[in-house]
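Working notes for the structure below.
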Amino acid sequence: MPVLHLAAQNGHVYIVKYLLDCKAKIDARNAQGETVFDIAMRLEDKTKGKEIIRILLENSEWRSLMKPTDRAPLGRHPFIRNTPFRQLVKNFPELVDIVLDECITKRNDPANPFNFFVEYDFRYLDDTYLMPEKDGNGLTSTETLYDEYLGNLNKEARSYTENYDLIAQNHLLREMEKSKFNVQLLSHPLTKTLIKYKWNNLGRYIYYTAFSIYILYITLFTLFITYSTAPYHVPSNNATHTFVDLSYKLWEYDATCSDVYLEHDKQVHVKWLIVILAICQLCKEGFQFYKRRLAYLSIENGIEIFIYISTIFIVFDISDCSHRTGIRLNVQWILAAVCSFVAWLNLLLLIRKLPRFGIYVVMFFDILSTFSRFVIIFALFIFAFSISFFIMMQNRSEFSSLTDSILKTTVMMIGEFEFVSIFHGDTVNHSEKLYGPPWAKSIFLLFCIVMTILLMNLLVGLAVDDIKGVQEEAELQRLAMMVDTVLQIEASMPPFIRRLSHIGIYRFFPNQDNWWKRIVRRFGYSPAQKTDIDEDQYLDIEDAKDELRDDFRRQEKAIDLMQRNIDIINDKQTKLEKMLDLIIKEMKIQYNETD
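And the structure:
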């Protein structure tokens, strides 16, 4: 076993550092094929392991420790990659910044400032692909995966599993999102640049295309329903401009209405556009189910399937009456009300994936979640007052049944008390007469205090706390939503499209500027921002950092030298004390520690 491995295995931090200063081979492997990094990663003393790993990562040869050696079988399987960088993210996320910082390098050409660029190395952060083994029996990480200069993915590279949902769920960006240092890791310039690169090269095109198609679909469906005639509000054929109710005859699928004639040519054209869009959307959902299998099953996808199938059923002319006049059957009309409501609410789920506006949707759902936990207490108060009002005022139409009483009590919470009509109505008319006014007024006063003052203010307070919590984590929420969006889109795409969002090395030239690039950056469509990487300012900061690092290293060496000298002095002192004890015993000298 190499000496460096022995030092790390026994937790000797200073010896590891000394051996590295003496140019010990950092990428040496033991009989099991493990590097000193692997040894330090599984130390029981996590504090010493962390310090050893920090020393290893600050060494100039740190990249040799990050080389993956894992293999994967072909096809669809549950295998998850186990690379040194993944181990670092999982066990010591607070040290990941050291690697991420080193993956951003600056290249300056003094003769031509326009050639200055910043290079982002994504090879450790985006480890989706492996190369086929020479014998074709599996995939390996030892072969060359990227073009050395351009950083483009090798044409023969393949994802380490065909289960793309597994890749998305276990992507390193997701692991960073789960970490307790998630804000620090996701907000790092390298991580943000990778997320933006994936979004700009694939995510935004797929998202905005799907969003535009859905907007077109929901607009056409809304226009179709708007211009359709309600079955209970059909204009008569006479000149009186009155309306008739045909809903009583539109419960059966063979319903006819030969006595009614309505123009509905516009509906016909819109109807077929809606059917085509709905079928296309169902085909898209079917393709996603084929690719993702059981991982596709979710409430969100179930809502979309319900919307598209319901739409086709609503616009289809089932009865002769619908074919002649465009009037929907009762079941179609009721379903249209539900489908329209769900379709417009589903738009919220799409907007939630937008980083700029999605944070407000997250706030809404957080408040809704808080209310769902509080709703039991809320319902008990509503039910208690509803029963009391029903007992005291069931002669009034709004409290005539327990159901009406519950609805009226709920409405009263938003301020619709109708105090005058309830307590100062007609004392002769039976439907307005109040029986037991003192008791009714007492219950009403208690309702005003408990429901409109206490409970409503409690709900407002809980909502404010939720919004404050979301705002405090707004940056994390924004980055997490973008991560979820780009990874979900990648998982839904065919392999040849998915490769478009994958690159090993990305170079940003901030000085090669023009009006189009300025517009692109203004709308956030550039992976890196010039304001973040100003050349002169950045180089000055880097020079200052280099000086600080040199000073720090010099101080570290001086401290290490002092520590070694102190250790030597301690050893000598211990030996002298033992020698003195032996001399005292041999000469039989009486000695007290107080002397």
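Take the position in the sequence shown, starting the count at 1, then add 484; the result is the number in this note's numbering.
Note that the Cβ used here is the ideal one computed from N, Cα and C, for glycine as well.
Note that the structure is predicted; figures quoted are calculated from it, not measured.
Using the C-alpha atoms, what's the distance from residue j back to residue i?
i: residue 902; j: residue 923; result: 17 Å
i: residue 499; j: residue 548; result: 20 Å
i: residue 884; j: residue 878; result: 4 Å
i: residue 526; j: residue 694; result: 46 Å
i: residue 765; j: residue 697; result: 9 Å
i: residue 867; j: residue 936; result: 15 Å
i: residue 939; j: residue 862; result: 8 Å
i: residue 1083; j: residue 493; result: The structure shown does not extend to residue 1083, since the chain is modelled only from 485 to 1079, so the question has no answer here.
i: residue 1022; j: residue 781; result: Its pLDDT being 44, under 50, residue 1022 is placed unreliably by the model, and the measurement read from it follows with that caveat. Distance between the alpha carbons of residue 1022 and residue 781 is about 48 Å.
i: residue 714; j: residue 702; result: 19 Å
i: residue 609; j: residue 657; result: 8 Å
i: residue 1016; j: residue 811; result: Low confidence applies here, because residue 1016 scores a pLDDT of 48, under 50, leaving its location unreliable; read the following figure in that light. Answer to the nearest angstrom: the Cα atoms are 60 Å apart.
i: residue 757; j: residue 739; result: 26 Å
i: residue 1084; j: residue 559; result: The displayed coordinates of the chain run from 485 to 1079. Any statement about residue 1084 would go beyond what the structure contains.
i: residue 890; j: residue 686; result: 51 Å
i: residue 441; j: residue 585; result: Outside the displayed span of the chain (485 to 1079) sits residue 441, for which this structure offers no information.
i: residue 1067; j: residue 1048; result: 29 Å
i: residue 477; j: residue 535; result: Residue numbering for the chain in the displayed model covers 485 to 1079; residue 477 lies beyond these limits and cannot be assessed.
i: residue 501; j: residue 539; result: 7 Å
i: residue 933; j: residue 941; result: 11 Å
i: residue 450; j: residue 628; result: Shown here, the chain extends from 485 to 1079; a query on residue 450 therefore has no answer.
i: residue 968; j: residue 974; result: 10 Å
i: residue 730; j: residue 821; result: 18 Å
In terms of residues, what are the limits of the alpha helix (DSSP H) holding residue i?
i: residue 605; result: Note, residue 605: premise wrong, no alpha helix (DSSP H); beta strand (DSSP E) at 601-605.
i: residue 937; result: That residue, residue 937, is in no alpha helix (DSSP H); it is neither H nor E in DSSP.
i: residue 485; result: Residue 485 -> no alpha helix (DSSP H), and no H or E assigned at all.
i: residue 658; result: 656-662
i: residue 805; result: 804-809
i: residue 533; result: 530-541
i: residue 921; result: 921-931
i: residue 648; result: 648-653
i: residue 523; result: 520-525
For residue i, I'd like the list of residues in its chain whose CB is within less than 6 Å of its CB, leaving aside the five on either flank, ordered along the chain.
i: residue 836; result: 842 and 845
i: residue 976; result: 772
i: residue 655; result: 971
i: residue 735; result: 814
i: residue 524; result: 492, 533, 536 and 537
i: residue 762; result: 792, 795 and 796
Would you mind reading off the limits of the beta strand (DSSP E) that contains residue i?
i: residue 982; result: Careful: residue 982 lies outside any beta strand (DSSP E), inside the alpha helix (DSSP H) at 979-982.
i: residue 702; result: Premise fails: residue 702 lies in the alpha helix (DSSP H), 688-710, not in any beta strand (DSSP E).
i: residue 989; result: 989-992
Look up residue i in the DSSP assignment and say whether it is helix, strand or coil.
i: residue 616; result: strand
i: residue 727; result: strand
i: residue 556; result: strand
i: residue 1014; result: At residue 1014, the pLDDT of 49 sits below 50, so the modelled position is not reliable and the matter cannot be decided from this model.
i: residue 469; result: Only positions 485 to 1079 of the chain appear in the structure, and residue 469 is not among them; the question remains open.
i: residue 1037; result: helix
i: residue 792; result: helix
i: residue 815; result: helix
i: residue 502; result: helix
i: residue 1064; result: helix
i: residue 719; result: strand
i: residue 630; result: strand
i: residue 971; result: helix
i: residue 671; result: coil
i: residue 507; result: coil
i: residue 544; result: coil
i: residue 713; result: coil
i: residue 946; result: helix
i: residue 565; result: coil
i: residue 1048; result: helix
Give every residue of the same chain whose Cβ lies closer than 7 Å to the Cβ of residue i, excluding the five residues on either side of it in the sequence, and list them in chain order.
i: residue 541; result: 579, 582 and 583
i: residue 779; result: 649
i: residue 554; result: 565, 566, 567 and 625
i: residue 755; result: 708 and 799
i: residue 667; result: 959 and 960
i: residue 669; result: 577, 580, 660, 663 and 675
i: residue 888; result: 882
i: residue 642; result: 613, 614, 616 and 623
i: residue 769; result: 785, 788 and 789
By Cβ distance below 8 Å, which residues in the same chain neighbour residue i in space, the five residues on each side in sequence not counted?
i: residue 487; result: 503 and 508
i: residue 570; result: 611, 656 and 659
Report the start-end ranges of each beta strand (DSSP E) in the segment 569-595 that is 3 residues or longer and not cut off at the edges.
Counting only runs of 3 or more, we get 588-591.
Secondary structure, alpha helix (DSSP H): runs of 4+ residues fully inside the segment 820-863:
Listed in chain order, there is nothing to give.
Report the residue ranges of all alpha helix (DSSP H) runs contained in full by the segment 876-904; include only those spanning at least 4 residues, in chain order.
If we require 4 residues or more, the alpha helix (DSSP H) runs fully inside the segment 876-904 come out as 886-896.
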